Each structure stands twice: as C-alpha cells, then as structure tokens.
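Trainee:
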Amino acid sequence: MILQVLHCPNCQGTNVIRHGTTRQGKHRYRCQETLCQGGTFLLAYTYAGHSAEVKQPIVDIAMNASGIRDTARVLHVSPTTVIKELKKRGLRYNWCIIPCWQS
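Under my numbering, the first residue of the sequence shown is numbered 67, with each subsequent residue one higher.
(1) Return the chain-ordered list of same chain residues with a C-beta closer than 6 Å to the C-beta of residue 148, the five sequence neighbours on each side being excluded.
(2) Residues in its own chain within less than 8 Å of residue 105 by CB, not counting five upstream and five downstream?
(3) Residue 125 lies in the alpha helix (DSSP H); which residues open and close that run?
(4) Can the beta-carbon of residue 140 be found less than 8 Å from the beta-carbon of residue 115?
(5) Among 85, 68, 151, 81, whose alpha-carbon lies nearest the alpha-carbon of residue 108?
(6) Consult DSSP for residue 108 and reduce its assignment to one of helix, strand or coil.
(7) Have a look at 67, 102, 126, 68 and flag the residue whose alpha-carbon is nearest the alpha-carbon of residue 82.
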C-alpha cells in the first residue's frame, strides 16, 4: 500500500481528510487547519480556472497592466474567470477609455 501525503493548496498544511466526491466522481478533500477554516479542494480540476496554480498568475499578470483578454488567452481560461478572480481579490480594473474623472 502506498501512502500519499496531501498538502492543502491554500495553507500547505497536512491535516487533510477526504470529503466525498464530485458529480464526476473525483475525490474532494477538506483541510482541517485553522487557517483554511474547512476549505475544500480537488487534486485535479476539470477546468483550469478553478486551480490555485492559475489564480495567482491572473493577479500577477493584471498587475503588469495586461488586459483581461490577454490574460485569459495566455492562461487558457475564460475572460469571465479573470474578471471574477480580480473582483474576489479586491482589485479594480479601469474600464474607461477616456479618463473617468472627465465623465
């Protein structure tokens, strides 16, 4: 039997238990560390936009003044995913072509 130590993608803690399955039959895991407050995660996501490895580069690319569509194209995710992640992080994207103070 092979034992695999799982690490939480948010806090890197090892206090992880199985927490059921998804509709597609993939195993879901729950972190029991106090930092995560019971957050759940999967080992392999069907859609790349849900994984933690894609969420941080969205913010990094946006901070380097790349557009929403460019970011989505580079990371192979939907522009809607990019906008939602930026909203979650509290970052504001300036949508105005003309400076907003002139309107």
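Beta carbons are placed, not taken as given, at the ideal position from N, Cα and C, and that holds for glycine. These figures come from a predicted structure and were not determined experimentally.
Mentor: This is what the structure gives:
(1) Along the sequence shown, one-based indexing puts residue 148 at 82. Apart from the 5 residues on each side of it in sequence, residue 148 sits with its Cβ closer than 6 Å to the Cβ of 124, 134, 137, 138 in its chain, given in chain order.
(2) Within the sequence shown, the letter at position 39 stands for residue 105. Hits under 8 Å: 74, 76, 96, 97.
(3) Here the question's residue 125 lines up with position 59 in the sequence shown. 118-129 is the extent of the alpha helix (DSSP H) around residue 125.
(4) In the sequence shown, residue 140 corresponds to position 74, counting from 1. In the sequence shown, residue 115 corresponds to position 49, counting from 1. For residue 140 and residue 115, no; Cβs fall outside 8 Å.
(5) Position 42 of the sequence shown, counted from the start, is the residue given in the question as residue 108. Nearest C-alpha to residue 108 among 85, 68, 151, 81: 85.
(6) Reading the sequence shown from its first residue, position 42 is the one you call residue 108. It is a strand residue.
(7) Against the sequence shown, residue 82 aligns to sequence position 16. The residue with the shortest Cα to Cα distance from residue 82 is 102.
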